[in-house]
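To start, the structure under review is shown below, and the notes come after it.
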Amino acid sequence: MPAQKNEKMEALVSLAKRRGFIYQGSDIYGGLSGTWDYGPLGVALKRNIMQLWWAYFVDSRDDMYGIDAAILMNQKVWQASGHVDTFVDPLCEDMVNKRRYRTDHILKDKGIDPTGMTMQQMDAAINENGIKSPDGNALSESRTFNMMFKTHVGATTDEGAVSYLRPETAQGIFTNYKNVVDTFYPNLPFGLAQQGKAFRNEISPRDFIFRTREFEQMEIEYFVHPHKWEEAFEALLKDIHGFLDALALPKDAVHELEVAEEDRAHYSKRTVDIEFDFPIGREELLGLAYRTDFDLGNIQRVSGKNMEYTVKGTNEKFIPHVIEPSFGVERMLMAVLSSAYKEDEINGEKRVFLQLPEHLAPIKYAVSPLLKNKPELVEKARDVYRALKQKHGNVMWDDNGNIGKRYRRQDEIGTPYCVVVDFDTLEDGMVTVRHRDTTEQKRIAIDELVS
Ligand code: GAP
């Protein structure tokens, strides 16, 4: 039986650290809350997810353009977008030790759903239910807390030098909309896609990589005729499900949530969140929002530059409306890892393995000689290793311990195939290829394997 809910989470976090996927950020100095570092296998898995996304949403389509904007942007971007005024979470404070908490999280942890509540209603719920801080002390009234990381650009620290680490990649897309229209003359509808870091000073980062202060987003701003937003919304929703299938996420763990008006971001007229059954419970994986002409309209108003699109061959002009699929890379990774995590029993022994789809696995083949003290086996295995590495890149040499231990180690990191060179190989040019999921072993000709 696979481990239960939080045990599974603990098993995942432990595996991620032990096997070089994900480490606590700044661990050596006691860590920095809400930051995580990616080890050799973690970065490989993360890149495979990001590359798949790019291939699926950008390279395979002719209505998408990629961009890569700067993280630091003129402060006017965040004034115009509404983030300076409204990108806030409700914060309350332990009256004794001054520790700070997200008020909605305090309620959620006590089994009260804060969905749709105003800050005042949350405070009332805390009072009515006699809820205390996790340390048992009274909580203060809530206030809003802006989540943007503020910094200064250059050597001065006056107001004019203020900038922010971007809290969403989206604004880098909106501010380049006109550049792309003027240089590529795309027909509507078209999308601009970007992948990159985003930063939020979360009051309470938690649940491993689920809620962090530095994370990556993969976002598309899809520009449409104002009357055609609904069909574009539905089409992108379908595409999102197609991508989640390509990640091999189980369909029955993926859910759509129509977000109520009071819970939508300030820019959205319709939002569908895609939720996923994580080991921590059902939580938001990504969002699809109808941002109307909110952003381009604000940019036009604040910058004084015309953001209208002219339909080719006509005089029809308008500010396009926008549909935005917004993916968090870390949440994708957590969904992929948690659905790949499996436990079974082989010959009476417990086995842990990651049933990752081949195209996502950080290592595709592990190659080893049956015995590492037999030079003729090592030499032949090295030849096979080099040939496979040239072909696939993500191939590992593994000659530590006995074969059984190597298989277990590779299972744990999700390597689909282990290739073993033995004495018969020297005679017949065939190797044993053992499959991770079935543990079935087959003899395959080297030529066939590497061709
Ligand atoms: N541009 C729209 C936007 O940023 P969002 O719902 O605030 O919308 C989009 O964020 C996605 O980014 C979320 O669905 C989630 O996957 C990811 N995300 C947001 N905050 C995060 C955090 N603190 N840690 C990890 N991922 C986060």
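For what it's worth, the numbering used here labels the leading residue of the sequence shown as 27, then goes sequentially. Note that beta-carbon positions come from the ideal geometry of N, C-alpha and C, so glycine has one too. In this text, all values refer to a predicted model and were calculated from it rather than measured experimentally.
- In this structure, the straight-line span from the alpha carbon of S364 to that of I389 is close to 18 Å.
- At a Cβ-Cβ threshold of 8 Å, T441 and R412 do not count as neighbours.
- Spatial neighbours of P231 in its own chain (CB-CB distance under 7 Å, excluding positions within 5 residues in sequence) are listed in chain order as S59, G60, R237, T238 and R239.
- If you look at A81, you'll find it isn't in any alpha helix (DSSP H); DSSP assigns it neither H nor E.
- Under the DSSP assignment, Q197 falls outside any beta strand (DSSP E), being part of the alpha helix (DSSP H) whose first and last residues are A196 to F200.
- Counting only runs of 4+ residues, the alpha helix (DSSP H) found wholly inside the segment 187-231 occupies 196-200 and 203-210, in chain order.
- In the structure shown, Q381 falls within a coil segment according to DSSP collapsed to helix, strand and coil.
- With a minimum length of 3 residues, the unbroken runs of beta strand (DSSP E) contained wholly in the segment 98-124 fall at 114-119.
- Residue environment for R169: exposed (fewer than 16 other C-beta atoms within 10 angstroms of its C-beta).
- Distances between the C-beta of G419 and the heavy atoms of the ligand GAP are all 7 Å or more.
- The continuous stretches of beta strand (DSSP E) do not include V476, which lies in the alpha helix (DSSP H) extending over residues I472 to V476.
- When distances are taken from the beta-carbon of Q221 to the heavy atoms of the ligand GAP, even the shortest one reaches 7 Å or more.
- With a cut-off of 7 Å, the C-beta of L58 is classified as distant from the ligand GAP, since no heavy atom of the ligand falls inside that distance.
- Of the candidates K368, M456 and G323, K368 places its Cα closest to the Cα of M35.
- In this structure, DSSP gives N373 a state outside helix and strand, which the three-state scheme calls coil.
- Runs of the beta strand (DSSP E) lying entirely within the segment 121-158, each at least 3 residues long, are 126-128 in chain order.
- Counted as a single uninterrupted DSSP element, the stretch harbouring S166 is not any alpha helix (DSSP H), since DSSP gives it neither H nor E.
- Classified as buried, T129 has 16 or more neighbouring CB atoms from the shown chains inside 10 Å of its CB.
- Judged by DSSP in its simplified three-state form, P276 adopts coil rather than helix or strand.
- Following the DSSP letters along the chain, one finds I48 inside the beta strand (DSSP E) bounded by residues I48 to Q50.
- Annotation: the continuous beta strand (DSSP E) that includes R317 extends over G307 to T318.
- Its chain contains Y211 and N213 as the residues whose beta carbon lies nearer than 8 Å to that of K338, once the 5 sequence neighbours on both sides are disregarded; these appear in chain order.
- Judged by DSSP in its simplified three-state form, E33 adopts helix.
- In this structure, the straight-line span from the alpha carbon of L78 to that of K417 is close to 19 Å.
- Judged by beta-carbon spacing, I472 lies within the 8 Å limit of V457, meaning their Cβ atoms are closer than that value.
- About 6 Å separates the beta carbons of N123 and D161, which is inside the 8 Å limit, making them a contact pair.
- The segment 311-327 makes no contact with the segment 374-394; the number of CB pairs closer than 8 Å stays below 3.
- When rounded, the separation of the alpha-carbon atoms in G307 and D135 is 12 Å.
- Shortest Cα-Cα distance from N100 to any of V179, H251 and Y203 involves V179.
- Rounded to whole angstroms, the separation of the alpha carbons of L396 and D450 is 11 Å.
- Its chain contains I48, W62, E356, L359 and M360 as the residues whose beta carbon lies nearer than 7 Å to that of I235, once the 5 sequence neighbours on both sides are disregarded; these appear in chain order.
- Contact between A219 and Q243 does not hold, since the beta-carbon distance rounds to 11 Å and is not under 8 Å.
- Bounds of any beta strand (DSSP E) do not take in G430; it lies within the alpha helix (DSSP H) bounded by I429 to E438.
- P160 carries a coil assignment under DSSP once its states are collapsed to helix, strand and coil.
- In this structure, M148 sits away from P193, with a CB-CB distance that is not shorter than 8 Å.
- For the segment 399-468, the continuous beta strand (DSSP E) assignments of 3+ residues that do not extend past its boundaries occur at 421-423, 443-447 and 456-461, in sequence order.
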